[in-house]
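Numbering (full-length UniProt numbering), first residue to last: 1 to 233.
By construction, the Cβ of each residue, glycine as well, lies at the ideal position given by its N, Cα and C atoms.
Scroll down for the structure; my scribbles are underneath it.
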Ligand code: ATP
């Protein structure tokens, strides 16, 4: 479904990605791991066309994405839950949900407000509240709901549970499991390795802008050395 090959990206003269290779199969949950500053956000933002690729390719459902504008990439079925959530602060939760809603690809069982509220019942009583008045957990649920409302084929989450209380994190993980078991492909970045490994089919570890390790969660569990040297865990 998504194949990233030899992807490079720069911020001005400074190179951030040095040839990233990763794949997300249809219906798979793939993770992007690595210590701070290793290029996780840059990889995601380059896939989404927010950062311009300087070389390499990103192929999604047979189509090359490099060189395509970000909003067009979103229309092709990539839904982003960005780092820091980026909820529209002066719109209500409901307005946030419907602001970018669409079903460009004609999904047979499209995401609707009712379906998002069934996934995150916590949001039900908050639909009239302004985005900036929601808690961090509510904002993250809303950010996921907003991405789902674009009916993506691939959901990409940058820091899925950062800064959230343990109970809220568990709600996010179980929602992601539910979404994944519905067949959606997911690419996720997070620091909670054990939670991630439970839902992942394939893990990729980034070090200095390159994927230096890949494997399923059983392999990562076993590879103490990889976890220590690349993740400090
Ligand atoms: P974190 O977990 O801290 O978010 P990350 O793995 O997502 O880290 P990136 O944010 O992609 O890493 O950063 C990769 C490299 O690019 C780092 O060296 C970082 O300093 C640099 N970088 C990131 N954003 C910018 C920017 N806007 N301008 C210049 N350099 C940047």
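Quick one: Cα of residue i to Cα of residue j, how far?
i           : j           : result
residue 208 : residue 47  : 17 Å
residue 217 : residue 224 : 12 Å
residue 103 : residue 148 : 10 Å
residue 11  : residue 159 : 21 Å
residue 229 : residue 200 : 20 Å
residue 5   : residue 80  : 20 Å
residue 110 : residue 13  : 43 Å
residue 167 : residue 122 : 12 Å
residue 1   : residue 136 : 31 Å
residue 84  : residue 26  : 27 Å
residue 132 : residue 190 : 23 Å
residue 37  : residue 197 : 21 Å
residue 125 : residue 222 : 44 Å
residue 233 : residue 106 : 43 Å
If residue i sits next to residue j, beta carbons under 8 Å apart, how far is it from one beta carbon to the other, in whole angstroms?
i           : j           : result
residue 91  : residue 99  : 6 Å
residue 211 : residue 20  : 6 Å
residue 140 : residue 172 : 6 Å
residue 204 : residue 17  : Contact doesn't hold; Cβ gap of about 13 Å is too wide.
Taking Cβ to Cβ, would you say residue i is nearer than 8 Å to residue j?
i           : j           : result
residue 192 : residue 169 : yes
residue 142 : residue 97  : yes
residue 82  : residue 130 : no
residue 157 : residue 35  : no
residue 202 : residue 30  : yes
residue 69  : residue 49  : yes
residue 165 : residue 119 : no
residue 54  : residue 9   : yes
residue 93  : residue 134 : yes
residue 242 : residue 58  : Residue 242 lies beyond the range of the chain shown here (1 to 233); nothing can be said about it.
residue 206 : residue 43  : yes
Apply the 10 Å Cβ neighbour rule to residue i and answer buried if 16 or more other Cβ atoms are within range, or exposed otherwise.
i           : result
residue 108 : exposed
residue 138 : buried
residue 72  : exposed
residue 45  : buried
residue 62  : exposed
residue 128 : exposed
residue 145 : buried
residue 151 : buried
residue 67  : exposed
residue 234 : This structure does not reach residue 234, given that the chain is present from 1 up to 233, and the question cannot be answered.
residue 153 : buried
residue 74  : buried
residue 117 : buried
residue 77  : buried
residue 219 : exposed
Check whether chain D comes within 8 Å of residue i, counting only Cβ atoms and requiring the distance to be less than that.
i           : result
residue 156 : In summary, chain D is missing from the structure at hand, where a single protein chain is found.
Can you pull the DSSP bridge partners for residue i?
i           : result
residue 224 : Looking at the DSSP assignment, residue 224 forms no beta bridge with any residue, so it has no partner.
residue 60  : 2 and 63
residue 79  : 155
residue 213 : 205
residue 130 : 92
residue 120 : Bridge partners of residue 120: none, in fact.
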